Amino acid sequence: MTQVIKALERGLRVLQALQMQPDSSLHELHMLTAISKPSLLRVLHTLARAGLVTRRLGDGCYRIGATLSHAPSRREHGDRIAEAAAPVLERLCARVSWPSDLMVPAGDHMEIRETNRTRSPILLQQERIGLPINWLRSAVGRAYLAYCPASERQRIIGLLVHSTKPEDRLAREPERLNAILAEVRALGYATRDAAHVGGYYGGPPHADGLLSIAVPLRDGRRVIGAINMLWLRTASTVEAFAARYLSELQAAAAEIVTSLRKRRH
1 MTQVIKALER GLRVLQALQM QPDSSLHELH MLTAISKPSL LRVLHTLARA GLVTRRLGDG
61 CYRIGATLSH APSRREHGDR IAEAAAPVLE RLCARVSWPS DLMVPAGDHM EIRETNRTRS
121 PILLQQERIG LPINWLRSAV GRAYLAYCPA SERQRIIGLL VHSTKPEDRL AREPERLNAI
181 LAEVRALGYA TRDAAHVGGY YGGPPHADGL LSIAVPLRDG RRVIGAINML WLRTASTVEA
241 FAARYLSELQ AAAAEIVTSL RKRRH
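Encoded structure:
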């Protein structure tokens, strides 16, 4: 009788569980697989070393690694970017302490795909992965729109121009929007609109007491996302913060894109 390799069997059970329920916590995987948590951690560590499983910074959930996805959907493409960004954002936070988020396009909004807020010593509200963020008032949205191809920018604005949401009103003011995006390109970074105090797209305003700067993730002529850096409004002006930390943020953006390119080959 052929002998069953128990360790391999446990690994396959974990991969099957993650296919059934992507983005699972350790406890959820334990419930799905009936593998003890100490054993499960060893299996996950082995799978992660092989690139078959990754763990998000933002919420600690596990997911199938990019090496097992050969024809990614839009969401899987966002996960690939997040997978490349996670170690970069972790190192960035270790250097500067202030937290950062990664955002990718999601139709009429952007969404958080990774964050290092859990690694920051500065206690801020922990935003959930997948949270929708508006295009036109957020720093990340403006950073993306300022550098993406004109055809893509017009397509995105076309999604917003008939919206009744207050965050999208700027889509019907093309001259003002173009001036804002031109300023972003001149400065090399984007900032929040003065009227944007926080909160998710389509939800009520939530005064989070933060300011942010953002830069795009530029892959050749394409833009694939944007990353920000956040700080307490009372700690610094935008100009002083950018003078100190913009180069760090830009270097992190370039490193994420370089990592993604390497993963394609």
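Number 26 in the UniProt record's numbering belongs to position 26 of the sequence shown; there are no gaps in the numbering. All C-beta atoms, glycine included, are put in the ideal place defined by N, C-alpha and C. Everything numeric in this text was worked out from a predicted model, so none of it was measured.
Cβ pair residue i, residue j closer than 7 Å
i, j, result
"V197", "P205", "yes"
"I81", "I224", "yes"
"R128", "G78", "no"
"G141", "M110", "yes"
"A190", "A143", "yes"
"V184", "L211", "no"
"C61", "D108", "no"
"A194", "L217", "no"
"L177", "L187", "no"
"I256", "V43", "no"
"residue 332", "L29", "Residue 332 lies beyond the range of the chain shown here (1 to 265); nothing can be said about it."
"E167", "R137", "yes"
"L181", "L145", "yes"
"R222", "A139", "no"
"S120", "C93", "yes"
Extent of the continuous alpha helix (DSSP H) run through residue i
i, result
"I180", "P174 to L187"
"I157", "A150 to L160"
"T46", "K37 to R49"
"L29", "L26 to T33"
"R13", "K6 to M20"
"L145", "A139 to Y147"
"I129", "From DSSP, I129 is part of no alpha helix (DSSP H); its letter is neither H nor E."
Integer-rounded CB distance, given that residue j should sit under 8 Å from residue i
i, j, result
"D101", "T115", "4 Å"
"Q21", "L32", "6 Å"
"G58", "P132", "About 15 Å separates the two Cβ atoms, so there is no contact after all."
"A84", "S259", "4 Å"
"A66", "R263", "6 Å"
"R91", "E248", "At roughly 10 Å, the Cβ-Cβ gap does not stay under 8 Å, so R91 and E248 are not in contact."
"I64", "L18", "5 Å"
"Y245", "W98", "7 Å"
"D208", "Q125", "6 Å"
"A48", "R56", "Contact flag wrong, Cβ pair sits at about 12 Å."
Limits of the unbroken beta strand (DSSP E) element including residue i
i, result
"V104", "D101 to P105"
"L217", "L210 to D219"
"residue 274", "The structure shown does not extend to residue 274, since the chain is modelled only from 1 through 265, so no value can be given for it."
"I112", "M110 to T115"
"R119", "Run containing R119: none; DSSP gives neither H nor E here."
"A242", "From DSSP, A242 is part of no beta strand (DSSP E) but of the alpha helix (DSSP H) over V238 to R264."
"R63", "Y62 to I64"
"A207", "That residue, A207, is in no beta strand (DSSP E); it is neither H nor E in DSSP."
"A195", "That residue, A195, is in no beta strand (DSSP E); it is neither H nor E in DSSP."
"L170", "That residue, L170, is in no beta strand (DSSP E); it is neither H nor E in DSSP."
"R233", "Element bounds for R233: n/a, residue is neither H nor E."
Any chain C beta carbon closer than 7 Å to residue i
i, result
"Y62", "Of the chains in the structure shown, none is chain C; there is only one protein chain."
- Message: Using 8 Å as the cut-off, can you tell me whether the region 218-237 makes contact with the region 156-172, which would need three or more C-beta pairs spanning the two stretches below that distance?
- Response: no
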